[in-house]
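Some notes on the structure that comes next.
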Amino acid sequence: MPPLPQLPLVFLTDRFSDLCSRAVKEPRKVLQEFGLELDESKEVRVWDSSAQIRWFVLPERPAQTEGMSEAELAALVTPEAMMGVAQVKVPA
238 MPPLPQLPLV FLTDRFSDLC SRAVKEPRKV LQEFGLELDE SKEVRVWDSS AQIRWFVLPE
298 RPAQTEGMSE AELAALVTPE AMMGVAQVKV PA
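Given below as structure tokens:
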């Protein structure tokens, strides 16, 4: 598997610590700030593993990808999708 690209600049700013603490209390609002609107039927869990690390896990296979190979699926994944702040977009 190829290495992950560099983190977006927001993770290198003072704003990051605020985002981390707010992500635990209001995860949907933080995701909305990144432009990710989730349907209320989607469950959002935040695993607060330490004061420095918090994980959003949104396991979901993108629609219309059933016939894709692992390599084709991997090509669709963006750093933002890996961090849980965006959904994978499938080209038409």
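Going by the numbering used here, the sequence shown opens with residue 238, and the numbers climb by one from there.
Every residue, glycine too, gets a C-beta built ideally from N, C-alpha and C.
The three-state secondary structure of Val261, taken from DSSP, is helix. In its chain, beyond the 5 residues on either side, no residue has a beta carbon closer than 7 Å to the beta carbon of Pro328. By the CB criterion at 9 Å, Arg298 and Val281 fall outside the cutoff. The three-state secondary structure of Val325, taken from DSSP, is coil. Its chain contains Val327 as the residues whose beta carbon lies nearer than 7 Å to that of Gln301, once the 5 sequence neighbours on both sides are disregarded; these appear in chain order.
Residue environment: Gly304 is assigned as exposed (fewer than 16 neighbouring CB atoms within 10 Å of its CB, all protein chains considered). Put simply, the backbone Cα of Val261 is about 24 Å away from that of Val314. One thing to note: Val322 has its Cβ within 9 Å of the Cβ of Gly272.
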